[in-house]
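Asks:
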Amino acid sequence: MAGNIISRLQKTEKVERFRLSLQLVGLAIFIYFGSQSTFYVVLLSVPVALLFGPVYCGWMCPRGMFQNIIGAMGKRVLGKRYNKLVPKRIHKPLLYFRYVVLLFLLTSLVLHEL
226 MAGNIISRLQ KTEKVERFRL SLQLVGLAIF IYFGSQSTFY VVLLSVPVAL LFGPVYCGWM
286 CPRGMFQNII GAMGKRVLGK RYNKLVPKRI HKPLLYFRYV VLLFLLTSLV LHEL
């Protein structure tokens, strides 16, 4: 049983390393292409997301890399209080607020490209 747990941890570590490398590739693409990359990323990520789910945001987005790093630092600093700072009555509406932000960003992108 202990061997099974260790093999799972090793597999998780390999997956996280692969994920980090994809995020670094995404960061390199963003730096190389600059602001033009945003349009191409959105254009390519929509069909990929429809087929495979949130692949880009969860696996390749350079912002996700920074979010993972800051989240790991938060776990170390806050300990047991991590992820419990926002009251549940506020947390629930915030879950839907991301769709408002998404709509705003997509609208801004379309209007900017016109």
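In my numbering, each residue's number is its place in the sequence shown (first place is 1) plus 225. All C-beta atoms, glycine included, are put in the ideal place defined by N, C-alpha and C.
#1: So, at 8 angstroms on beta carbons, what are the nonlocal neighbours of L319 in its own chain, with the 5 sequence-adjacent residues on each side left out?
#2: Look at the Cβ atom of L245, then the Cβ atom of M290, and state whether they are nearer than 9 angstroms.
#3: If you compare alpha carbons, which of T237, K317 and Q248 is closest to Q292?
#4: Note down the Cα distance separating A297 from F258, rounded to an integer number of angstroms.
#5: Figure out for me which residue from V240, L268 and R288 has the closest Cα to the Cα of A253.
#6: So, for L336: in the same chain, excluding its five sequence neighbours on each side, which residues have a beta-carbon less than 8 angstroms away from its beta-carbon?
#7: Look at K317 and Y307 and say whether their C-beta atoms are less than 9 angstroms apart.
#8: Helix, strand or coil for P312 per DSSP?
#9: So, E338 versus F264, is the Cβ gap smaller than 9 angstroms?
Replies: A quick look at the data gives this:
#1: Reading the sequence shown from its first residue, position 94 is the one you call residue 319. Hits under 8 angstroms: V311.
#2: Along the sequence shown, read from residue 1 onward, the residue named residue 245 stands at position 20. Along the sequence shown, read from residue 1 onward, the residue named residue 290 stands at position 65. Result yes, Cβ atoms of L245 and M290 sit closer than 9 angstroms.
#3: Within the sequence shown, numbered from 1, the residue matching residue 292 stands at position 67. Selected option, being the one with the closest Cα: Q248.
#4: Locating residue 297 in the sequence shown gives position 72, counting from the first residue. Locating residue 258 in the sequence shown gives position 33, counting from the first residue. Computed Cα separation, rounded: 29 angstroms.
#5: Numbered from its first residue, the sequence shown carries residue 253 at position 28. Among V240, L268 and R288, the Cα nearest to that of A253 belongs to R288.
#6: Stepping through the sequence shown from its first residue, residue 336 is reached at position 111. Closer than 8 angstroms at Cβ, skipping near neighbours: no residue.
#7: Taking the first residue of the sequence shown as 1, we reach residue 317 at position 92. Taking the first residue of the sequence shown as 1, we reach residue 307 at position 82. Result no, Cβ atoms of K317 and Y307 do not sit closer than 9 angstroms.
#8: On the sequence shown, position 87 is the one that residue 312 refers to. Three-state result, P312: coil.
#9: Your numbering for residue 338 matches position 113 in the sequence shown. Your numbering for residue 264 matches position 39 in the sequence shown. Yes, these two residues count as a Cβ contact at 9 angstroms.
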